[in-house]
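Residue numbers (my numbering), protein chains in the order written: chain A, 1 to 236; chain B, 1001 to 1334.
First the structure, in the form of structure tokens, and then the observations on it.
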């Protein structure tokens, strides 16, 4: 009986290994085919373009988009190689300027604005964002904390508080949808806390834009953050 | 008083035909319209997920862009004491929000003010027509939940988008992009990269993590060019220090090579360091040990368009005794 058990165990482990190898092979095959298609259908068809691109990139956009597999801006807005310096993170958030905590995002903004001198920063939110859903429902849903996700999503806390205060009568789904957009606006405002962004906006060489991709309805919203100085009030 | 306005909200959608929405005036000040026009690669209907991928000759028509001056809508002056004050009016944003300031609308010269918006509108409508509507059922299923098999960590460089280079279609890959495609180790504390790792591995339960480096990476170049101490006011220098082990390894293994070749060596070394950093997360190591998660490295060379790919061989590595790791299934696609 023990012998049978051992044999079953070994054959089970061998099967797991075969399954894993098959999964690995399928995964590798998938990306290999994807690369070959890109090379034959795009790269080899425009050699001069890619040669110039290899010498240096001059994107006009810095894009912040969610890591969600459904919202790649290269699909949704057809960004081609060389057009957009793209940061993707959970819930497409831009934290405020903080040299200790958020060096990753800071590095991307510093590079894009100071070195690449992009002309636009576009922050794109989207429907049914898992990060926003987590923010809006935690800790009321009683789930255990996610160490890193919850810490990251705290950046969007002001957006959550605003939506909960102003739209408490709406369903959670409706509140989440509003928070997804509000978080984009919060990110646009946070961008202005970076000195080089501030300077470029003041010099009018940089535009800050917000976007929202709704893959349920199949729609896209686009807006812009403007800053203006009202005429002074003269106090004699 | 400085106020912030959220303006010019457009909703882009189509009915049965692609209809062009009337452009709203842009209050952008003196800035030539950002042109995305006439892009040689623009073809929106390639690589449909459910069809044999072809490049259609579909070319978007773009308006001629002209050097245009926009009239300033206020007497905005650059102010060294540029500061923000919250607008007194609540800033409401939604699909039906109109421009917040009607005075702004009438004063602005229209010209080609919305060239950027128009470009994006055209592209989105093309995506909707040629991909979304053509595969409606697939997108409806995706809207209910994503189940990607891959998590990809790639550089933010505009030339190396994994959706383009490896043809990942909507739903296939959870993608993180940062400067120099770095993965910080667990002990460095919370960051945007490990928040994404936590989500992908523990919630989405991806089966593969692929870290992709690339040629002529500006971030790696900055890492290799640095003095030993980072300039504390530079975000870039402080961030790329995540790759300091890769720099040390490169300096020791490739010191006799040219600086460019050292950078190239470091680009690949950094990918391997990131793979090892992935294993510092206990919940990742556990899954790798069980065989539920595979860690892959990749290197995209856009000079000669080749892609190298390898997989971390966890069982074959002696990671407890040293940092020596084994690789398997190495291949070069060209």
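Cβ coordinates follow ideal geometry from the N, Cα and C atoms, glycine included.
Selection A:112, A:4 and A:207 evaluated against residue 87 of chain A yields A:112 as nearest (Cα-Cα). Contact of residue 1123 of chain B with chain A is assigned, a C-beta pair being separated by under 8 Å. Residue state for residue 97 of chain A is assigned as coil, using DSSP reduced to three classes. Contacts with chain A (Cβ-Cβ distance below 9 Å) from the segment 1173-1198 of chain B involve 1173, 1174, 1175, 1176, 1177, 1178, 1179, 1180, 1182, 1184, 1189, 1190, 1191, 1192, 1193, 1194, 1195, 1196, 1197 and 1198, listed in chain order. Only buried fits residue 200 of chain A, as 16 or more other CB atoms lie within 10 angstroms of its CB.
Secondary structure in the segment 198-227 of chain A: the beta strand (DSSP E) runs of 3 residues or longer, each lying completely within the stretch, are 207-214 in chain order. For residue 174 of chain A, the enclosing alpha helix (DSSP H) has its first and last residue at 172-191. Taking 8 Å as the Cβ-Cβ cut-off, the segment 121-144 of chain A approaches chain B at 127, 128, 130 and 131, given in chain order. Counting only runs of 3+ residues, the beta strand (DSSP E) found wholly inside the segment 1128-1209 of chain B occupies 1150-1155 and 1173-1178, in chain order. With the rule of 3 Cβ pairs closer than 8 Å, the segment 157-167 of chain A does not count as touching the segment 1191-1199 of chain B.
Residue pairing by DSSP places residue 14 of chain A in no beta bridge whatsoever.
For residue 194 of chain A, the three-state secondary structure derived from DSSP is coil. Cα atoms of residue 76 of chain A and residue 12 of chain A: separation of roughly 43 Å, rounded to the nearest angstrom. Interface residue (Cβ-Cβ distance to chain A less than 8 Å): residue 1148 of chain B is classified as such.
Counting C-beta atoms within 10 angstroms of its own C-beta, residue 1184 of chain B has 16 or more neighbours from the protein chains shown and is therefore classed as buried. B:1267 is the residue among B:1275, B:1292 and B:1267 whose C-alpha sits nearest the C-alpha of residue 1179 of chain B. Closest in C-alpha terms to residue 1220 of chain B, from the list B:1204, B:1238 and B:1328, comes B:1238. Residues of chain B whose Cβ lies closer than 8 Å to the Cβ of residue 94 of chain A do not exist, since the nearest Cβ in that chain is about 10 Å away. The residue among A:80, A:125 and A:222 with its C-alpha nearest the C-alpha of residue 46 of chain A is A:80. Within the segment 79-158 of chain A, the beta strand (DSSP E) runs of at least 3 residues that lie entirely inside it are, in chain order, 84-89 and 120-126. Below 8 Å, enough C-beta pairs join the segment 1324-1332 of chain B and the segment 1296-1313 of chain B to call them touching: three or more. Residue environment for residue 234 of chain A: exposed (fewer than 16 other C-beta atoms within 10 angstroms of its C-beta).
Between residue 1276 of chain B and residue 1288 of chain B, the gap from beta carbon to beta carbon reaches 8 Å or more.
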